[in-house]
Every structure is written in structure tokens, then in C-alpha cells.
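K.L.:
Numbering (the numbering used here), first residue to last: 7 to 191.
See the structure below:
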């Protein structure tokens, strides 16, 4: 069994975590290290104003004059990555930092907690829900999923509200669009 813990809009959460006033305003993040900076992530308020990921900052500001544009905060990103990994290690010693804001947890057959979870299928979901609650106390929005393989778990985490347990992988994957299946970490 695998679990994926996802911090959606990771770059945005890194910036807004310690600046709560920014959360309600239209906010967008760009990578200032690239030659042609574009909007990487944006919050719902910015999206409602017509701003989209991939826009140049000038285009985004033309759509929303009161848009706050911030450069990625790599120090803050590292801090919340560390927090995410710390909480993931509460579930299992087999944790991988898969991508920024994403970690994959493997539950091994030899672990006593995994044997307990086979006897009680909702136990892992409950433990994962507790980790999501702990992350919320750290002012981080997280989603998580459990599935038989890491890919299904990753895809399910994007659809989780806040925790999903995929019991039938084929049935879960069948209705997904090709664009969803091509999603990268």
C-alpha cells in the first residue's frame, strides 16, 4: 500500500503561510530565476479575476490590477517541505520526497502497523486523516490518498477532499481523462 500526501499550490502556500492577509487577495507566484517569468500558481481570488497559470506578469496585471505577484520563496518552500516530510514519517519509515509539495509513503508488509491496517481497512485512512489535521495546524492545506500503487495514490491525492482510499484501482482510473493520467509530480 502507498499513500501520497500533497500540498496543492505548494509555491503559493509557501508564500502565504506566514502572511495571512495575502490569502484573501488575488495572489500569484512566479519563478524569477527563469528568463521569461510566467505565473506558476495562483489562488482562487486571482483565478476569479481572469488570471491563469502561464500568463506573463503584465498580462496577469492587465486582467487584475490589484493582483499581488510574488517570486517563489525558496527558504519557505524548504521549511514546508521539511514539515511535510516530518509528518509523513509519522506514518512509516519508508518515505520519498516525490516532488515539491508531494511525498509518497510506502507501507510494508513487515510493519506491525500495516498488519493492523489489513485487519481494519479504515485504519490507514484514519491515520492519514490525523496527519492532514496536524498539517492544517501548521497552516498548510493538504490532501492525501491511499492506493495499491504509488501512481494511483498520486492521482487520487489530486482529487482527495481531504483523504481518499482507492480500493479498486482499475475502477478509479477508468473514468479519468488522458490529461489527468499525464499529470506529472
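Just so you know, even glycine gets a beta-carbon here, dropped at the ideal spot from N, CA and C.
In this structure, does DSSP put residue 40 in helix, strand or coil?
P.N.:
Correct three-state label for residue 40: coil.
K.L.:
Does the Cβ-Cβ distance between residue 10 and residue 105 come in under 8 Å?
P.N.:
Cβ distance not < 8 Å, so residue 10 and residue 105 don't count as in contact.
K.L.:
Is residue 136 helix, strand or coil by DSSP?
P.N.:
Residue 136 falls in the helix class under three-state DSSP.
K.L.:
Can you tell which of 186, 171, 183 and 180 has the C-alpha that lies nearest to the C-alpha of residue 7?
P.N.:
The option with the nearest alpha carbon to residue 7 is 171.
K.L.:
Less than 8 Å between C-beta atoms, sequence neighbours within five positions excluded: which residues of the same chain meet that for residue 155?
P.N.:
Excluding positions up to five away in sequence, the list reads 8 and 175.
K.L.:
Name the DSSP beta bridge partners of residue 149, please?
P.N.:
BP columns for residue 149 point to 12.
K.L.:
Residue 134 and residue 169 - do their beta-carbons sit closer together than 8 Å?
P.N.:
Their beta carbons are under 8 Å apart, which means residue 169 touches residue 134 by this criterion.
K.L.:
Between 85, 35, 54 and 67, which lies nearest to residue 145 when the distance is taken from Cα to Cα?
P.N.:
Ranking the options by Cα distance to residue 145, first place goes to 85.
K.L.:
In three-state terms, what does DSSP make of residue 100?
P.N.:
Strand, per DSSP.
K.L.:
Using a threshold of 8 Å, state whether the C-beta atoms of residue 20 and residue 57 are closer than that.
P.N.:
Not closer than 8 Å, so no.
K.L.:
Give me the Cβ distance between residue 94 and residue 109, rounded to the nearest whole Å; I'm assuming they're in contact under 8 Å.
P.N.:
Indeed, because the Cβ distance is near 5 Å, the residues count as touching under 8 Å.
K.L.:
Could you tell me the alpha carbon to alpha carbon distance between residue 99 and residue 17, rounded to whole angstroms?
P.N.:
The alpha-carbon atoms of residue 99 and residue 17 are separated by roughly 26 Å.
K.L.:
Who are the Cβ neighbours of residue 69 in its own chain at under 8 Å, not counting the five residues just before and after it?
P.N.:
So the qualifying residues of the chain are 55, 56, 57 and 61.
K.L.:
Output the distance between the C-alpha atoms of residue 14 and residue 89, rounded to the nearest integer angstrom.
P.N.:
Answer to the nearest angstrom: the Cα atoms are 15 Å apart.
K.L.:
Check residue 47 in the structure and name its three-state DSSP category.
P.N.:
Three-state result, residue 47: strand.
K.L.:
Thinking C-beta only, is residue 32 closer than 8 Å to residue 59?
P.N.:
Contact flag unset, no.
K.L.:
For residue 164, report the span of its alpha helix (DSSP H) as first-last.
P.N.:
It spans 156-165 - the alpha helix (DSSP H) in which residue 164 sits, taken as one unbroken run.
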